[in-house]
Structures are given as C-alpha cells and as structure tokens.
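**Student:** Taking our numbering, the leading residue of the sequence shown gets 461, the next gets one more, and so forth.
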Amino acid sequence: MPSPEPSTVFDAVGEAGLRRLVSAFYRRVPGDDVLGPMYPADDLAEAERRLGDFLIYRFGGPDTYIRERGNPQLRMRHIQFAITSTARDRWVSLMDAALDEAALPFEVAAVMKPFLHEAATFLVNRP
461 MPSPEPSTVF DAVGEAGLRR LVSAFYRRVP GDDVLGPMYP ADDLAEAERR LGDFLIYRFG
521 GPDTYIRERG NPQLRMRHIQ FAITSTARDR WVSLMDAALD EAALPFEVAA VMKPFLHEAA
581 TFLVNRP
C-alpha cells in the first residue's frame, strides 16, 4: 500500500487524531528533565494548541495556524530556546512515543515521522 501524501494525513486521522498525538506528546513534557524546563508550566496549554494547529495545517487541514500566526518561521520562533542535539533527540523520543500512544495508522505515522524528525533537527541551534 503506498504511503499517504502529507496532504492526506488530515483526511486519514482528522483534527481529533492530530490533537490526540499532540496531547500525548505534551503529557510527557512536564516530567522530562531535558524538555520540561524549556516550557513554562503556565503556557503548556497554549504550546499544545499551537503545535496542534501547526500540524493540522502542515498535514492538510484548515489553515488556522497561518491565519493566527502567519508564516511558521520555525527557526525564528524557536531561537530563544537552547536546542541542542540532546534536546532534539529527547523531543524526537517523546514524539515517537506519542505517535505510538495516539495509535495513528502505520501509513500515517510513516509520513509524519520523517517530517517531525527533520523539523526537530532543523531547530537545533546550539552545539
């Protein structure tokens, strides 16, 4: 079976599936010794909403993220955070675990994982 294109991920799992993934990811963040300190406890819900909106847009859903925040400019939006290769590896590990927990179809995860891993690598901004 061919892998779905990024634009069909939303068709396959909808907003609910992508929000389930993001929620599973953010449940792991507060207790994590590497990523937890990067997120203010009082802003986790907003961070979760923004990531959800971004992934929904990126994978073929409504453009709420673009309408509210403009061009993603991921590096610029993350430059204030010291993102090392260790932080990148932890983010990827938590996101992979969230993908497993969210129980998205294998074909969908196969499209999302490379994008998520590449985006995390792109955001590394410290040695």
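For each residue, glycine too, the CB sits at the ideal point set by N, CA and C.
Please give me, in chain order, every unbroken run of the alpha helix (DSSP H) with length at least 4 that falls completely inside the segment 485-532.
**Tutor:** Entirely contained in the segment 485-532, the alpha helix (DSSP H) runs reaching 4 residues are, in chain order, 504-518 and 524-529.
**Student:** Less than 8 Å between C-beta atoms, sequence neighbours within five positions excluded: which residues of the same chain meet that for leucine 504?
**Tutor:** Tyr486, Val489 and Pro490, listed in sequence order.
**Student:** By alpha-carbon positions, which one of Glu508, Asp513 and Gln533 ends up nearest to tyrosine 525?
**Tutor:** Cα-wise, what sits closest to tyrosine 525 is Asp513.
**Student:** Using only alpha-carbon positions, find the residue among Arg510, Val584 and Gly474 that is nearest to arginine 535.
**Tutor:** Comparing Cα positions, the closest option is Val584.
**Student:** What is the rounded straight-line gap between the Cα of alanine 507 and the Cα of aspartate 549?
**Tutor:** So the two alpha carbons sit approximately 19 Å from each other.
**Student:** DSSP three-state call for valine 584: helix, strand or coil?
**Tutor:** In this structure, valine 584 counts as coil in the three-state DSSP scheme.
**Student:** My output table needs one value for leucine 478: the three-state DSSP class, helix, strand or coil.
**Tutor:** Correct three-state label for leucine 478: helix.
**Student:** Between lysine 573 and leucine 564, which are expected to be in contact by the criterion C-beta below 8 Å, what is the C-beta distance as a whole number of angstroms?
**Tutor:** Wrong, their Cβ atoms sit about 10 Å apart, outside the cutoff.
**Student:** Quick one, are the C-beta atoms of arginine 480 and alanine 562 less than 8 Å apart?
**Tutor:** Their beta carbons are under 8 Å apart, which means arginine 480 touches alanine 562 by this criterion.
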